[in-house]
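In what follows, a structure is listed as structure tokens, so that the remarks can point back to it.
4 protein chains.
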Amino acid sequence: MLKVAIVGASGYTGVELIRLLHCHPEVAVTCVTSEQSAGKKISDVFPSLRNRCDLLLENLEPVRVAEKADFIFTALPHKAAMEVVPTFLKLGKRVVDLSADYRLRDAKEYEKWYEPHMNPELLKGAVYGLPEIRRTIIAGAELVANPGCYPTSIILGLAPLLKKKLIDPASIIADSKSGVSGAGRSAKVDNLYCEVNDGFKAYGVGGAHRHIPEIEQELSLLAGRELVISFTPHLVPMDRGILSTIYAQPAGAVTTAILLDLYNEFYSGEPFVRVLPAGTFPSTAHVRGSNFCDIGVTVDERTGRIIIVSAIDNLVKGASGQAAQNMNIMQGFPENLGLDGLALFP
Amino acid sequence: MLKVAIVGASGYTGVELIRLLHCHPEVAVTCVTSEQSAGKKISDVFPSLRNRCDLLLENLEPVRVAEKADFIFTALPHKAAMEVVPTFLKLGKRVVDLSADYRLRDAKEYEKWYEPHMNPELLKGAVYGLPEIRRTIIAGAELVANPGCYPTSIILGLAPLLKKKLIDPASIIADSKSGVSGAGRSAKVDNLYCEVNDGFKAYGVGGAHRHIPEIEQELSLLAGRELVISFTPHLVPMDRGILSTIYAQPAGAVTTAILLDLYNEFYSGEPFVRVLPAGTFPSTAHVRGSNFCDIGVTVDERTGRIIIVSAIDNLVKGASGQAAQNMNIMQGFPENLGLDGLALFP
Amino acid sequence: MLKVAIVGASGYTGVELIRLLHCHPEVAVTCVTSEQSAGKKISDVFPSLRNRCDLLLENLEPVRVAEKADFIFTALPHKAAMEVVPTFLKLGKRVVDLSADYRLRDAKEYEKWYEPHMNPELLKGAVYGLPEIRRTIIAGAELVANPGCYPTSIILGLAPLLKKKLIDPASIIADSKSGVSGAGRSAKVDNLYCEVNDGFKAYGVGGAHRHIPEIEQELSLLAGRELVISFTPHLVPMDRGILSTIYAQPAGAVTTAILLDLYNEFYSGEPFVRVLPAGTFPSTAHVRGSNFCDIGVTVDERTGRIIIVSAIDNLVKGASGQAAQNMNIMQGFPENLGLDGLALFP
Amino acid sequence: MLKVAIVGASGYTGVELIRLLHCHPEVAVTCVTSEQSAGKKISDVFPSLRNRCDLLLENLEPVRVAEKADFIFTALPHKAAMEVVPTFLKLGKRVVDLSADYRLRDAKEYEKWYEPHMNPELLKGAVYGLPEIRRTIIAGAELVANPGCYPTSIILGLAPLLKKKLIDPASIIADSKSGVSGAGRSAKVDNLYCEVNDGFKAYGVGGAHRHIPEIEQELSLLAGRELVISFTPHLVPMDRGILSTIYAQPAGAVTTAILLDLYNEFYSGEPFVRVLPAGTFPSTAHVRGSNFCDIGVTVDERTGRIIIVSAIDNLVKGASGQAAQNMNIMQGFPENLGLDGLALFP
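Residue numbers (the working numbering), protein chains in the order written: chain A, 1 to 346; chain B, 1001 to 1346; chain C, 2001 to 2346; chain D, 3001 to 3346.
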């Protein structure tokens, strides 16, 4: 049994990791930390865990955490992660970090969107953990930067097209919609039930969202050239789910049939990507609670544009499920171990 | 008092018309029809109306309806509308039709997207009733085709730019999101609570939605040339509201400040269009139940694209409120009479 | 025009008062205060108000408020209200207080459930403002204590039975369910969207809710003897609405028909109480945004119990609508002035 | 591997059975039927299943079903179940029936609440499958009548008190609230998103709901005497979950501490019942997707009443999870096999 710590367990990605790992036959969660709720049982914070996971939440003392666990998930806000990850690595622990702190290769980009990086020397060795793109390197990594939720949906949606150079890289528009759990569990008026319910809005319009550098870094690598995109996130009155509607101009003549062949081949054998048949498009409701990314693709015959629609559960494939998938790869477990649960519908 | 009939009153646009006209000081609803519920009181179908509007629902016999009312709202499905509207017109009644039947100027377009038109001779005289664009002609019209909900949000969002030829007309992408009331009140599995709640999906992807010809007709008129757009509708788990996120390539150099000046001037004096300050974007929650269209606009500095976000209540500015606004214009009432209610928030 | 101030305008009852008074022909809101948001426009806090009510939020300085307005609504938390209400009264202003501070006649009861009262001498003159029960006294009051939301639904549900002594006063159980806006607008984890959505829970179980003394005070007055009730509040994932399901043992033989006659007579002529026909029960959806209280009543033949179901919008008849209704009565306006809006459905 | 058929697989309990059994290591679903969707893949009806369960839906021909499976779940509407269950039994198959057809011991009661029973001779041998009450008999049963969702929540809530004769059996009031999936998946206006969302209502008020005879049968058996209850179901705008708030008069002096001891002892060792600590009450959000029944209990000191609050997921412990639990017991599998998944929160 692999002993696992979840650092920052009192947020939504923390409790989701516990839910997923609870069904994982090779893993035991042995340590959970929370600054806010240290001293409480995790099941007092999340009563859904009662009688199944009643660990005490501890203060985050990296050395003590490292004594209790061999594998570390850091589910902390950005900045808080880079304060402790180096210690875990020095102590010989493998880490999957769910924050943004190790996703960007370039410390200057990190500083531009966030703040000065505290350990830029680690960025080179950190692996951006999108298994469908970078499985082999993940397997050998000590530090995996778990991708953001929006980026996961957009990169998986575009990877086949960019790899094959089938679209104009300057033409990409990603119009994304997220459930509210993506905003985390901190008490803010904006995320109150009555502020969100029965409403829909855009935010970060015009290129302001911090997931942009991460998306562009990965898309640029796939395309083999620098590119910028338009990205507009929106807030949907639902708990979970991200759906990205992505528009791009084809580089040459394509048809829906050609695209579907391409996607089916590109994702052939992938346990968690489902390419939908022609004329079928995903709903977040059909991936809720599961690690799937569902993708539909079409050519808009009237305008010539390619439209890709991808859907994930932001807390699973967009965070904790992907983190567990990365752990499976790093540990040599079957990649889908503990992650085969079907979506909860309805 | 203007005697008004609502033909097809047992749907959501019907009950919304009754709600709005109930506070209108110059109007009395004297006749309501419904094929499904004829013989019942409208307040048995919609208990929200009890003690305030308890009219009996009648079968739709145009001549009898015309005896009871001087102004007719037809809130019927397409095709059903064109079966009765000619009779109302012949009997000298003014009509606002909320269906799609008289929105397209070209009967062939109608046939392509719907079916053969039964009275194409009426299309020429019918006025597409978007007051902000066509107020004067509406005032004198006998038959106003009330715009669709998606089109209202998109046309109002783009009108200033197209009029001023500030964007490349071939570059328009409208990514729209609608609440569920837009799907009407008929019993379909797809619209059941459990199918919709806590999920988000696209539909009609790739240029399949019937609002497209109407949008393109009006945008082309504004642009002074034929154009086609990419339009993707989505379903949001909420009752009411449409938000359209619209992308376009500027024709020359623009800034957010220039755009805001343009929009503020274009919509100056409009009672129901609110142009939001720089950096502010609308939410459907802030127009819920009101006749407002809120618009935010920006230039995405990183990609050069213009992004417009517009929000309406699909049942008010997107249907019944706009219908009442058209009636006010046609009858010479103050345009905002009975329509000044603020949004219900939360 | 009556000049009105809303003290504590940045909460949900504050914005609801503005919405309702906006359509009131005899009232002008001339002053709004908020400690948190002083200096901002109220329409920056609530964008639904933009272009219709753009007043600046001020700090709460009672004397300055009193200079600007002749009638004061205090929409403050308990305790904050009793710090300022005496000043308004001394300055000759009439006050409707939406907090709990003047609802209890007995300062000791107030202390037991809240804290020591700061001006107990005012309790005697304050009028518990439930118009259906106490219309005449309200008309002459200087200080009206606007009833709580749960109490309104329960007292209106039981008044006819208690007045006529048709039930055993010891047998009352009120099982109440509220939308989330009842919890106010402060930033708490418990009220985050993801904590509330798609879940249902009881709270304050076993007689802990602070609305209990107020309910029992009024029911006891109606019954002519002291009584205690079981009251269990629940949280419903919706913005607005309270539905109370009330159980009581009849004091003698009754039938549903007898009860309906009684309720219809008791509430005959009431503008805002709708007694539903036999076999029909209310939904909060049908009063959403309106000042109605809908009541259904039946005898459970199998057990002999009487069951009453009452529904209100907690922000309207349960707070701001009732406050405006009280103002109408106090000022001699028609009681329904500005309050005739129909429910927003859907 | 046990070969299992799900008869009536295109409803919500059907897809939930597939979800749960998908993670069951001893079971293979080999046959799924649906009259409406025969010929389609089950994953075309429920895209959440795609790539994991793509069985073809068949017409219901009992003999053919029985050739393909050794264990049958009938997830049909009442009446449809009793048309086929006898055949399955004759062919030597064990059956868990999720309908109401075999829950009542007395065919006359069945006829009173439903219609004449077609095979009343089977009622005697059918076992009402609530494992916590009747585990041993279930183990040997050929036909298990899976309990209704409301009954499960109420019987588990009251069993300890009735067994110990601690309450007056005539005093029971169960005020229950259910998510919308309990209403099934058929297309009805009442269950449309816009009819349900942001509203709350009671239905079947006054003793009209068909779950009553089943609840009273089981409670009477526990109490050792006939009893009747008041039961009021309500509809909550959420997908899943039932919460029952139950009131009863104690037969003698009790305290919350005594009750908690009793409940903890009564449910000691139960894998799926969690008795909450004093002052803590359940939320459906914390059992969503799991097979738990969470119970909180208290004495209302002011009125002397006992209040029990119980929460389940209506589709899991209230239907498909309990059905799988019964199968485990019948087959001698560990009772929690495949059912240990934690609730999805948020």
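Backbone N, C-alpha and C fix where the C-beta goes; we use that ideal spot for every residue, glycine too.
Specify the secondary structure class of residue i as computed by DSSP and reduced to three states.
i	result
G1182 of chain B	helix
C1149 of chain B	helix
F3231 of chain D	strand
V386 of chain A	One cannot answer for residue 386 of chain A here, as it falls past the ends of chain A, which runs 1 to 346.
R2305 of chain C	coil
S171 of chain A	helix
L219 of chain A	helix
S3163 of chain D	At residue 3163 of chain D the sequence reads Lys, which differs from the Ser that was named. Looking at K3163 of chain D - three-state DSSP - the assignment turns out to be helix.
A3324 of chain D	helix
R2288 of chain C	coil
L1156 of chain B	helix
R1134 of chain B	helix
G3332 of chain D	coil
Name, please, each residue of chain A whose Cβ falls closer than 9 Å to the Cβ of residue i.
i	result
C3023 of chain D	C23, D340, G341 and L342
Out of the options, which has the shortest C-alpha to C-alpha gap to residue i?
i	options	result
A3005 of chain D	D:D3070, D:A3107, D:N3146 and D:V3180	D:D3070
S2034 of chain C	C:G2148, C:H2022, C:R2210 and C:A2075	C:A2075
S3186 of chain D	D:M3001, D:S3010, D:K3003 and D:L3002	D:S3010
H1234 of chain B	A:D168, A:R305, A:T284 and A:E195	A:T284
P3131 of chain D	D:E3142, D:I3329, D:S3310 and D:N3119	D:I3329
G125 of chain A	A:C149, A:P86 and A:L156	A:P86
K2201 of chain C	D:I3308, D:T3232, D:Q3331 and D:N3146	D:I3308
S3043 of chain D	D:E3121, D:L3057 and D:L3243	D:L3057
K3165 of chain D	D:H3117, D:P3250 and D:D3101	D:P3250
V1180 of chain B	B:H1286, B:V1189 and B:L1143	B:V1189
P2160 of chain C	C:Y2267, C:K2040 and C:T2303	C:Y2267
R1064 of chain B	B:P1077, B:A1081, B:E1083 and B:L1091	B:L1091
E1142 of chain B	B:F1073, B:H1024, B:G1304 and B:T1303	B:F1073
P2120 of chain C	C:L2259, C:L2104 and C:V2236	C:L2104
R1134 of chain B	B:L1222, B:L1162, B:M1238 and B:K1112	B:L1222
Note down, in chain order, every chain B residue with its Cβ under 7 Å from the Cβ of residue i.
i	result
N2051 of chain C	R1274
H2286 of chain C	P1047 and S1048
By the criterion of Cβ-Cβ separation under 7 Å, what are the contact partners of residue i in chain A?
i	result
D3198 of chain D	D198
Which chain B residues are close to residue i, counting only those with a beta carbon under 8 Å from its beta carbon?
i	result
L3243 of chain D	Here the premise fails: no neighbours, minimum Cβ distance about 17 Å.
Could you list which residues in chain D have their beta carbon closer than 7 Å to that of residue i, in chain order?
i	result
K1317 of chain B	The premise fails here: K1317 of chain B is roughly 18 Å from chain D at the closest Cβ pair, so nothing lies under 7 Å.
Can you list the residues of chain C that residue i reaches, using a CB-CB cut of under 9 Å?
i	result
Y3247 of chain D	I2173, D2175, S2230, T2232 and Y2247
Residues of chain D with CB under 8 Å from residue i, in chain order?
i	result
S2283 of chain C	G3199, F3200 and K3201
Note down, in chain order, every chain D residue with its Cβ under 9 Å from the Cβ of residue i.
i	result
P334 of chain A	Result: empty, since nearest Cβ-Cβ is about 15 Å, beyond 9 Å.
Mind listing the chain B neighbours of residue i? Cutoff is C-beta to C-beta under 9 Å, in chain order.
i	result
V254 of chain A	The premise fails here: V254 of chain A is roughly 13 Å from chain B at the closest Cβ pair, so nothing lies under 9 Å.
Practice task
Return the chain-ordered ranges of every beta strand (DSSP E) run that is complete within the stretch 3064 to 3123 of chain D and spans a minimum of 3 residues.
Solution key: 3071 to 3074 and 3094 to 3097
Problem - Proximal residues, the stretch 3005 to 3031 of chain D versus chain A, C-beta separation under 7 Å - result: Y3012, V3015, R3019, H3022 and C3023
Exercise for the section: Entirely within the stretch 3180 to 3214 of chain D and at least 4 residues each: give me those alpha helix (DSSP H) ranges in chain order. Expected result: 3193 to 3196
Handout entry: the stretch 1224 to 1241 of chain B: positions lying closer than 8 Å to chain A by Cβ
Key = V1228, I1229, S1230, T1232, H1234, V1236, P1237, M1238, D1239, R1240 and G1241
Practice task
Counting only runs of 3+ residues fully inside the stretch 3001 to 3072 of chain D, write out the beta strand (DSSP E) ranges in chain order.
Solution key: 3002 to 3007 and 3027 to 3033
Handout entry: Contact set between the stretch 2058 to 2089 of chain C and chain A, restricted to residues whose Cβ is under 8 Å from the partner
Key = none
Handout entry: chain C contacts from the stretch 180 to 206 of chain A (Cβ-Cβ distance under 7 Å)
Key = V180, S181, R185, A187, K188, V189, N191, L192, Y193, C194, V196, N197 and D198
Exercise for the section: Could you list the residues in the stretch 291 to 304 of chain A with a C-beta less than 8 Å from some C-beta on chain B, going in chain order? Expected result: G296, T298, V299, D300, E301, R302 and T303
Exercise for the section: Could you name the residues of the stretch 3151 to 3162 of chain D whose beta carbon sits closer than 9 Å to any beta carbon of chain C, in the order they occur along the chain? Expected result: none
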